[in-house]
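Colleague:
In my numbering, the protein residues as written are 2 to 506.
(1) Do the CB positions of residue 1 and residue 103 come within less than 8 Å of each other?
(2) Looking at residue 294: is its Cβ nearer than 8 Å to the Cβ of residue 340?
(3) Since residue 358 is in the alpha helix (DSSP H), which residue starts that stretch and which ends it?
(4) For a test of the three-state rule: what should DSSP assign to residue 184, helix, strand or coil?
(5) If you draw a straight line from the C-alpha of residue 144 to the C-alpha of residue 68, how long is it?
(6) Once the 5 residues before and after residue 70 are set aside, which same chain residues still bring their CB inside 7 Å of it?
(7) Measure from the alpha carbon of residue 396 to the alpha carbon of each residue in 28, 80 and 426, then state which is nearest.
(8) Can you list, in chain order, the residues of its chain whose CB lies under 7 Å from that of residue 406, leaving out five sequence neighbours each side?
(9) By alpha-carbon positions, which one of 233, 201 and 7 ends up nearest to residue 75?
(10) Which residue or residues does DSSP assign as beta-bridge partners of residue 389?
(11) May I have the straight-line CA-CA distance separating residue 193 from residue 122, to the nearest angstrom?
(12) How would you call residue 222, buried or exposed, if buried means at least 16 neighbouring beta carbons within 10 angstroms?
(13) Taking the C-alpha atoms as reference points, what is the distance between residue 224 and residue 458?
(14) If the criterion is Cβ atoms closer than 8 Å, does the pair residue 87 and residue 17 meet it?
(15) According to DSSP, residue 178 sits in a beta bridge with which residue or residues?
(16) Considering only residues of the same chain and omitting the five flanking positions on each side of residue 476, which have a CB-CB separation below 8 Å?
(17) Going by DSSP in three states, residue 443 sits in which element: helix, strand or coil?
(18) Excluding the 5 residues preceding and the 5 following residue 432 in the sequence, name in chain order all residues of the same chain whose CB lies nearer than 8 Å to its CB.
(19) Look at the alpha carbon of residue 299 and the alpha carbon of residue 348, and state the distance between them as a whole number of angstroms.
(20) Following the continuous alpha helix (DSSP H) through residue 92, name the residue where it begins and the one where it ends.
(21) So what's residue 323 in DSSP terms, helix, strand or just coil?
(22) How would you label residue 114, buried or exposed, when you count the other beta carbons within 10 angstroms and need 16 or more for buried?
(23) When the distance is taken between beta carbons, is residue 181 closer than 8 Å to residue 491?
(24) Just the Cα atoms here: how many angstroms apart are residue 216 and residue 206?
(25) State buried or exposed for residue 323, treating a residue as buried only when at least 16 other CB atoms are found within 10 Å of its CB.
(26) Assuming the contact rule is C-beta atoms closer than 8 Å, residue 191 and residue 486 should be a hit. Round their C-beta distance to whole Å, please.
(27) Would you kindly report the start and end of the unbroken alpha helix (DSSP H) that includes residue 328?
(28) So, at 6 Å on beta carbons, what are the nonlocal neighbours of residue 414 in its own chain, with the 5 sequence-adjacent residues on each side left out?
(29) Is it buried or exposed for residue 10, if we count other Cβ within 10 angstroms and need 16 for buried?
(30) If you follow the alpha helix (DSSP H) that residue 68 is part of, which residue opens it and which one closes it?
(31) Any idea what DSSP makes of residue 216, helix, strand or coil?
(32) Roughly how many whole angstroms lie between the Cα atoms of residue 436 and residue 231?
(33) Measure the CB-CB distance between residue 469 and residue 73 and report whether it falls below 8 Å.
(34) Between residue 211 and the rest of its own chain, which residues show a CB-CB distance below 8 Å, the 5 nearest in sequence each way excluded?
(35) Ordered along the chain, which non-local residues of its own chain (more than five positions away) have a Cβ less than 7 Å from that of residue 56?
Shown next as structure tokens:
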């Protein structure tokens, strides 16, 4: 890769990664903003080729494989790092355990990312036949977007940017109208999620926010209905996948065991430096990290959703019965961090496999992104960490983790009767929904969007529904690639502008 392309890639990836962090802290999960890097770079190169073609007969542009490598780097910069920041580090901020040593913190997160990279590398052969919807969407963008579709992207991007600027500078423009948010990021997110998933968000909003006096109570009592349903659904879904054969084969692979042990030592060293806690038994940590990473990768491969929240709760339950000093939250980060990264990198490896990229070279790009991501994003995160948990950055995923941890630290017999009812009814909903999806209608999306609606806002869930409805209407009139570009342009424009605002904060 030339120096100029490297600079464009890193700078574009940095801006979009900050934008992805903005979205993740707002809605609770990272989205495919890193795909925008490919669109932007393709557009820039096409423009350079058009202008330079006047003076030169041939101007080299990137091949499909090159874009696959670029995506590998931005995955490390955006997806895996942003997931860690919006869950693990945000939860540490909310729990008052966030460390003051940024250098050691960066090294710790880098080690988690690198572990996830190698886990994805080792699991890739076991996931060759998996669907990986987001990987196939990335391939479609790389191979099929033409100049006309790029025009649709840039027109949408420009119009959205103008609207965001007007909304920011003209205080008389409201933030919502008739129960709908005027933030383009939520309309674009609804389009990306699709109509069925957006309906579940909307129904969740109706269920949680519409009644003035809810039958399930209010506050934490109502939240635990949501948490219980999500946890039970995801745990049953994990168990039903029966990954024991692949897991056993990996445990017998000496290269996997030696590599994970080495990186566990490195990661735990920084873990000890950051939090000042005693060392956890390395062999036990390796045995816990591997099944979590495999389950996360399999779930992402089949559903395109990284189940980091459910894995975090599962990790809390496991670690709760292991005696050690200190809070559970840092240990959850140590356990779930590599699993989160591995699920993102597994999808990226599938994209490279379809594009016929060289696996070894793709691994190098992934490792570069795994190092660059924490190095550039953690200093940005530190600048506004005091805003985490506020209306601007509610960090719903981190709040769920903290609430679950608080529940586990309390004697169950001291719970209110309403809370017991909510936990039980939530578990029943999770089980019943999984049975309906498995036995009756396999095309149903996960119940997680319905439950996550509680941690959003009714205006947001309404806007997601409008975005999903527009995507459904346009499905027969506009190509899939064009739609993907338009929705990501809406999200990317606001995210990039907000990233500049955050950098100047």
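Ideal Cβ placement from N, Cα and C applies to all residues, glycine included.
Modeller: On the basis of the supplied data:
(1) This structure leaves residue 1 out entirely; the chain is present only between 2 and 506.
(2) Taking the first residue of the chain shown as position 1, residue 294 is located at position 293. Taking the first residue of the chain shown as position 1, residue 340 is located at position 339. Their beta carbons are under 8 Å apart, which means residue 294 touches residue 340 by this criterion.
(3) Translated into the one-based positions of the chain shown, residue 358 becomes position 357. Unbroken run through residue 358: none, as it is neither H nor E.
(4) Residue numbering aside, residue 184 sits at position 183 when the chain shown is read from its first letter. Looking at residue 184 - three-state DSSP - the assignment turns out to be coil, as it is neither helix nor strand.
(5) By one-based count along the chain shown, residue 144 stands at place 143. By one-based count along the chain shown, residue 68 stands at place 67. Approximately 9 Å, taken between the alpha carbons.
(6) As a first step, residue 70 must be located in the chain shown, where it is residue number 69. Contacts found: 358, 362, 363 and 366.
(7) Position 395 of the chain shown holds residue 396. Minimum Cα distance to residue 396 is reached at 28.
(8) Counting from 1 along the chain shown, the entry for residue 406 is found at position 405. Taken in chain order, the residues that qualify are 317, 329 and 330.
(9) Translated into the one-based positions of the chain shown, residue 75 becomes position 74. Per the Cα distances, 7.
(10) Numbered from 1 along the chain shown, position 388 holds the residue referred to as residue 389. In DSSP, residue 389 forms a bridge with 394.
(11) Counted from its first residue, the chain shown places residue 193 at position 192. Counted from its first residue, the chain shown places residue 122 at position 121. Going from the Cα of residue 193 to the Cα of residue 122 covers about 28 Å.
(12) By one-based count along the chain shown, residue 222 stands at place 221. So residue 222 ends up on the buried side.
(13) Along the chain shown, read from residue 1 onward, the residue named residue 224 stands at position 223. Along the chain shown, read from residue 1 onward, the residue named residue 458 stands at position 457. Rounded to whole angstroms, residue 224 to residue 458 spans 13 Å at the Cα level.
(14) Here residue 87 refers to the residue found at position 86 of the chain shown. Here residue 17 refers to the residue found at position 16 of the chain shown. No; because the gap between Cβ atoms is not below 8 Å, this pair is not in contact.
(15) Working through the chain shown from its first residue, we reach residue 178 at position 177. 181, per the DSSP bridge assignment.
(16) Translated into the one-based positions of the chain shown, residue 476 becomes position 475. For residue 476, where only same-chain residues beyond five positions count, the Cβ hits under 8 Å are 484.
(17) Taking the chain shown and counting its residues from 1, one reaches residue 443 at position 442. Here residue 443 sits in coil by DSSP.
(18) For this step, residue 432 is matched to residue 431 along the chain shown. Counting only Cβ-Cβ distances below 8 Å, and skipping sequence neighbours, we find 233, 234 and 237.
(19) As a position in the chain shown, residue 299 is number 298, starting the count at 1. As a position in the chain shown, residue 348 is number 347, starting the count at 1. Distance between the alpha carbons of residue 299 and residue 348: 10 Å.
(20) For this step, residue 92 is matched to residue 91 along the chain shown. Segment 91-95, the alpha helix (DSSP H) holding residue 92.
(21) Reading the chain shown from its first residue, position 322 is the one you call residue 323. DSSP places residue 323 in coil when its eight states are reduced to three.
(22) What you label residue 114 is simply residue 113 of the chain shown in a count that begins at 1. Answer is buried; the Cβ neighbour count reaches 16.
(23) Translated into positions along the chain shown, residue 491 becomes position 490. Translated into positions along the chain shown, residue 181 becomes position 180. Going by C-beta atoms, residue 491 is not nearer than 8 Å to residue 181.
(24) Position 215 of the chain shown, counted from the start, is the residue given in the question as residue 216. Position 205 of the chain shown, counted from the start, is the residue given in the question as residue 206. Roughly 15 Å between the two C-alpha positions.
(25) Counting from one through the chain shown, the residue named residue 323 turns up at place 322. Its Cβ having fewer than 16 others within 10 Å, residue 323 is exposed.
(26) Within the chain shown, numbered from 1, the residue matching residue 191 stands at position 190. Within the chain shown, numbered from 1, the residue matching residue 486 stands at position 485. At roughly 16 Å, the Cβ-Cβ gap does not stay under 8 Å, so residue 191 and residue 486 are not in contact.
(27) Your numbering for residue 328 matches position 327 in the chain shown. Premise fails: residue 328 is in no alpha helix (DSSP H) and is neither H nor E.
(28) Residue numbering aside, residue 414 sits at position 413 when the chain shown is read from its first letter. Confidence in residue 414 is poor, its pLDDT being 45 and thus under 50, which makes the residue's placement too unreliable to answer from.
(29) The sequence position of residue 10 within the chain shown is 9, counting from 1. Label assigned to residue 10: buried.
(30) Translated into the one-based positions of the chain shown, residue 68 becomes position 67. That run of the alpha helix (DSSP H) goes 65-76.
(31) To locate residue 216, count along the chain shown from 1; it is residue 215. Coil.
(32) Start at 1 with the first residue of the chain shown, and residue 436 comes out as number 435. Start at 1 with the first residue of the chain shown, and residue 231 comes out as number 230. Each residue's Cα considered, the two are about 14 Å apart.
(33) Counted from its first residue, the chain shown places residue 469 at position 468. Counted from its first residue, the chain shown places residue 73 at position 72. No, they are not a contact pair.
(34) Walking along the chain shown from the start, residue 211 turns up at place 210. Same-chain partners within the cutoff: 459.
(35) Looking up residue 56 in the chain shown gives position 55. Reliability of the predicted coordinates at residue 56 is poor, the pLDDT of 41 falling under 50, and the value obtained from them is presented with this limitation in mind. Around residue 56: no qualifying Cβ.
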